[in-house]
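J.: Under UniProt numbering, the first residue of the sequence shown carries the number 1, and numbering increases by one thereafter.
Just so it is clear, CB atoms sit at the ideal spot from N, CA and C, and this is done for glycine as well.
So that we are looking at the same thing, I have put the structure below in structure tokens.
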Amino acid sequence: MATADHLAVLVHGFWGNPSHLKHLQETLQKRHSADRLHILVAKSNSNNHTYDGIEVGGERIANEVEEKIAELEENGTTIKKISITGYSLGGLISRYAIGLMYNSGLFDRIQPMNFSTFASPHIGIRAHKGGIRSELWNYMGARVLSTSGQQMFLIDTFRDTGKPLLSIMADPDKVFIKGLRMFKHKWVYANTLNDRSVPFYTALFSRTDPFVALDKIQVHYLKDQPAPGEVILDPSHYVSPRLSKPEDSSLYNRFQLIDRKTFSNLPFYMFIIVAIPLALPVFMINSGYQTYQSAQRIRHHESGGAFSLDRYRAKLFEQAQAVQDRTYERAATSQAEDYLPTPPPESARESSRSSSEDTKDAELARRESSKKETDFPLLALTKEQFEMIDVLDSVGFVKYPVHIQKHRHTHAAIVVRINKASFDEGKVISEHWAGKFEI
């Protein structure tokens with residue numbers, strides 16, 4: 001009987017635990033037997049430990065993976081291949097862990113095969129719309145979610161670099177991108193609708209969001225999807241402007257449209273009006289407590305109380321110092337701000353094309369993304385976010401928008417966090433994901 005030499009690692013998201021990825025685990029097990037694939041559903045960041053930040057979370061995952069490999073080797077199994085999947089915040093934690101594994105030399109003896117994410121905030125979650133609500137969201141969100149919140153809202157400074165961690169993780173000269181490039185296949189799934197946690201633009205690292213006005217677009221589905229039906233959009237041509245007659249803009253008809261929408265959403269609005277005043281004080285108190293607890297755990301982690309950090313930190317500190325030095329030199333010698341063109345010129349993207357076997361699909365997706373920039377308006381993202389998009393696009397990801405319509409809570413439905421009928425569209429996605437795995 002053959003012995004599996006491939007380890008697949010699944011990493012949950014914020015406030016998550018291994019049970020959130022039970023369906024993904026079972027789908028992968030049905031597709032690929034135990035004699036071909038070992039599956040590790042990571043647990044070292046369970047529940048409130050996700051408050052502790054991407055860096056700490058990534059170090060925990062890297063350590064957990066290395067311990068699992070050592071355990072398998074002690075039992076006579078040699079791991080030769082590794083695949084990693086991250087859900088929500090777990091996608092960012094996975095990317096950090098990949099940088100550490102690359103840095104430690106793990107990929108010199110184990111081949112990186114498949115890297116994928118489900119609804120992960122690759123370029124952060126700061127609100128890019130103007131107005132007091134967005135400002136309040138950006139201010140509060142960054143402060144009630146401890147270190148992870150600061151990093152996802154891009155207000156942190158990674159060590160002494162003067163830059164947010166997500167910017168460092170998207171630096172083409174750093175171990176995080178170098179590690180990603182080594183994976184043979186790379187792809188992401190992003191919700192088009194109703195994902196309040198991780199909007200479309202950040203999960204797909206896109207400069208545009210065509211799905212803000214569904215009545216003005218035509219979606220294009222990927223062919224040959226399993227039951228219960230079409231959910232995944234074609235990454236090479238997922239949306240186009242809808243050609244239709246102009247809407248009747250009379251005052252009466254506009255009032256009718258607004259009234260119908262308001263009436264259909266009335267139960268939801270009533271729930272918000274009643275629930276928010278009751279839940280907000282409890283949430284704020286709990287967030288304060290969790291931030292305090294997180295700070296205690298981080299201090300324990302930094303002291304080496306959980307496990308030795310030496311194998312992860314030494315070279316990264318050297319790289320952080322190098323970034324700081326280059327930043328100072330650039331500030332001292334440049335006469336003007338160095339902004340990337342938005343969108344960047346075609347030649348700049350061509351120069352860093354991925355060598356993955358998925359290059360053809362990724363290239364088609366990249367061209368589709370370029371077309372979207374002329375069909376739909378650019379979002380008001382930051383300079384750092386546009387730079388992240390440039391680099392991530394150069395890595396060679398295939399990007400799949402997923403159009404879940406049966407349930408409002410698409411962030412949970414995308415991985416079928418609960419086994420119920422209204423989440424069945426997520427099963428189409430998980431089957432597609434498991435089918436793409438190269439063992």
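Would you be able to state if there are at least three C-beta pairs under 8 Å between the region 132 to 148 and the region 19 to 36?
T.: Short answer: they don't touch.
J.: By how many angstroms is the C-alpha of A190 removed from the C-alpha of S120?
T.: Their Cα atoms are separated by approximately 8 Å.
J.: Tell me whether R376 sits in a helix, a strand or coil according to DSSP, three-state version.
T.: Checking the displayed sequence, the identity of residue 376 turns out to be Phe instead of Arg. Correct three-state label for F376: coil.
J.: What is the C-beta distance between I79 and L7, in whole angstroms, given that I count them as a contact (C-beta under 8 Å)?
T.: With 8 Å as the limit, I79 and L7 qualify as a contact, their Cβ atoms being about 5 Å apart.
J.: Is it the case that the region 82 to 99 contacts the region 111 to 127, given that we only count it when at least three CB pairs across the two stretches are under 8 Å?
T.: Yes, the region 111 to 127 touches the region 82 to 99.
J.: With distances taken Cα to Cα, identify the nearest neighbour of Y400 among R159, L106, S430.
T.: Selected option, being the one with the closest Cα: S430.
J.: Can you give the Cα-Cα distance for D338 and I125, rounded to whole angstroms?
T.: Any reading at D338 must be qualified, since the residue scores a pLDDT of 30, below 50, and its modelled position is unreliable; the value itself is stated next. Their Cα atoms are separated by approximately 24 Å.
J.: In chain order, what residues of the same chain lie with their CB nearer than 7 Å to the CB of L379, ignoring the 5 residues before and after it?
T.: So the qualifying residues of the chain are H128, Y201, R207, T208, D209.
J.: Tell me the rounded alpha-carbon separation between G179 and V391.
T.: Roughly 13 Å between the two C-alpha positions.
J.: Give the range of the beta strand (DSSP E) segment to which V11 is assigned.
T.: V11 -> beta strand (DSSP E) spans 6 to 11.
J.: Out of D160, R95, M113, which one is the CA nearest neighbour of M182?
T.: Minimum Cα distance to M182 is reached at M113.
J.: If you pair each beta-carbon of the region 57 to 77 with each one of the region 34 to 47, do three or more pairs fall below 8 Å?
T.: At 8 Å Cβ cutoff, the stretches touch.
J.: Cα-Cα, which of N17, H32, A412, I404 is closest to Y221?
T.: Closest option to Y221, Cα to Cα, is I404.
J.: With three or more beta-carbon pairs closer than 8 Å as the criterion, would you say the region 144 to 153 touches the region 226 to 235?
T.: Flag = no, the region 144 to 153 and the region 226 to 235 do not touch.
J.: With respect to the beta strand (DSSP E) encompassing L193, which residues constitute its N-terminal and C-terminal limits?
T.: Run containing L193: none; DSSP gives neither H nor E here.
J.: Give a yes or no on whether the C-beta atoms belonging to E438 and P164 are separated by under 8 Å.
T.: No, the pair does not count as a contact, with Cβ atoms beyond the cut-off.
J.: Would you mind working out which of I54, N194, E425, Y139 sits nearest L100, comparing C-alpha positions?
T.: Of the listed residues, the one whose Cα sits closest to L100 is I54.
J.: According to DSSP, is K420 helix, strand or coil?
T.: DSSP places K420 in coil when its eight states are reduced to three.
J.: On the premise that S116 lies in contact with V188, defined as a C-beta separation below 8 Å, what is that separation, rounded to the nearest angstrom?
T.: Sure, about 7 Å apart at Cβ, within 8 Å.
J.: According to DSSP, simplified to helix, strand and coil, what is S116?
T.: Reduced to three states, the DSSP call for S116 is strand.
J.: Looking only at its own chain, which residues have a Cβ that is under 6 Å from the Cβ of P172, when we skip the five neighbours before and after it?
T.: These residues qualify, in order along the chain: V391.
J.: Count the other CB atoms, across all protein chains shown, that sit within 10 Å of the CB of V11; report buried if there are 16 or more and exposed otherwise.
T.: Result: buried.
J.: Assign A34 to buried or exposed, taking buried as 16 or more other Cβ atoms, counted over all protein chains shown, within 10 Å of its Cβ.
T.: With fewer than 16 other Cβ atoms within 10 Å, it is exposed.
J.: So who's on the other strand from S240, going by DSSP bridges?
T.: Paired residue(s): Q218.
J.: In this structure, what does DSSP give as the bridge partners for R401?
T.: The identity of residue 401 in the sequence shown is Pro, whereas the question assumes Arg. The partner list for P401 (beta bridge, DSSP) reads A190.
J.: Using the DSSP secondary-structure output, state which residues sit across from S83 in a beta bridge.
T.: Answer is A8, bridged to S83.
J.: For L40, report the span of its alpha helix (DSSP H) as first-last.
T.: Unbroken run through L40 is the beta strand (DSSP E), 38 to 41; no alpha helix (DSSP H).
J.: With a threshold of 8 Å between beta carbons, is L165 in contact with chain D?
T.: This model lacks chain D altogether; it includes just one protein chain.
J.: Apart from the five residues on each side of it in sequence, which residues of its chain come closer than 6 Å, Cβ to Cβ, to H20?
T.: So the list reads H12, R417, once near-sequence residues are dropped.
J.: If Q111 sits next to K68, beta carbons under 8 Å apart, how far is it from one beta carbon to the other, in whole angstroms?
T.: 16 Å between Cβ atoms; not a contact.
J.: Since I believe K436 is in contact with H185 (beta carbons under 8 Å), could you give me their beta-carbon distance rounded to a whole number of angstroms?
T.: Indeed, because the Cβ distance is near 7 Å, the residues count as touching under 8 Å.
J.: Just to confirm the assignment, what range does the alpha helix (DSSP H) spanning K223 have?
T.: Neither: K223 is in no alpha helix (DSSP H) and is coded neither H nor E.
J.: Locate the alpha helix (DSSP H) running through T202, then write down its first and last residues.
T.: T202 -> alpha helix (DSSP H) spans 200 to 203.
J.: In chain order, what residues of the same chain have a beta carbon less than 6 Å from the beta carbon of S249, not counting five sequence neighbours either side?
T.: The pLDDT assigned to S249 is 48, lower than 50, so where the model puts this residue is not dependable; a value taken from the coordinates is nonetheless given after this. Contacts found: none.
J.: Just curious, the alpha helix (DSSP H) that N103 is in, first and last residue?
T.: That run of the alpha helix (DSSP H) goes 89 to 104.
J.: Using a Cβ-Cβ cutoff of less than 7 Å, which residues in the same chain neighbour W15 once the five nearest sequence positions on both sides are dropped?
T.: For W15, where only same-chain residues beyond five positions count, the Cβ hits under 7 Å are N47, T50.
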